[in-house]
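Here is the structure we will look at.
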Amino acid sequence: MLADVTISDIHSLGKPKALEILGQIARVEKKTFPSSEVFPFGEELWRKKPNTRVLYVTWTSQQTQPHSPLIAYAVYARQKGVAWVHKVCVAEAFRGKGVGTRLMDHIRARLQQEGCQYVYLWVDKARAHARSLYLRTGFEEHEELPDYYAPGRNAIKMVLGFERGT
């Protein structure tokens, strides 16, 4: 299956196609996350945020449904040598198939190539699958922040550091 996925950046698209993809992302986002955690996937992400990247993953197999080719997405922002991953999501039907790992490896390679030294993210302590994905792709857990998402829902700060010259 992994040979059938393509990772793209909405910033490489024209406005109509970018807005179509952002709409697909917004629909998956609303199905996946509580309303208090839904990220606003509007036109400004395509147009006005030069340091913010929205990557999306499509399944290019012949079996792809014509109206739902989007299977995963990620949002990150980079400022000089530091990046923050704000959102990573794999559509439920595609979880456990290596899509998240492929997306995180892509982000890692891209940021490393751009000269990034550290990548940070916060993850809900209760989201064991997400934490496992980040640990598998090189992140380390550094600190816990109580009640970050809601009362009783703690966050874990995770860090990925790149060694110089690698």
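Counting in the UniProt record's numbering, the sequence shown runs from 1 upward without gaps. By construction, the Cβ of each residue, glycine as well, lies at the ideal position given by its N, Cα and C atoms.
In the three-state reduction of the DSSP assignment, E43 falls in the helix class. The beta carbons of V85 and G100 sit no closer together than 8 Å. Listed in chain order, the non-local C-beta contacts of H142 below 7 Å within the same chain comprise K157, M158 and V159, local neighbours out to five positions each way being set aside. With respect to the 8 Å criterion, T52 and A26 are not classified as neighbours on the basis of their beta carbons.
DSSP, reduced to helix, strand and coil, places A77 within a strand of the structure shown. For A126, the number of other beta carbons within 10 angstroms of its own is below 16, and it is reported as exposed.
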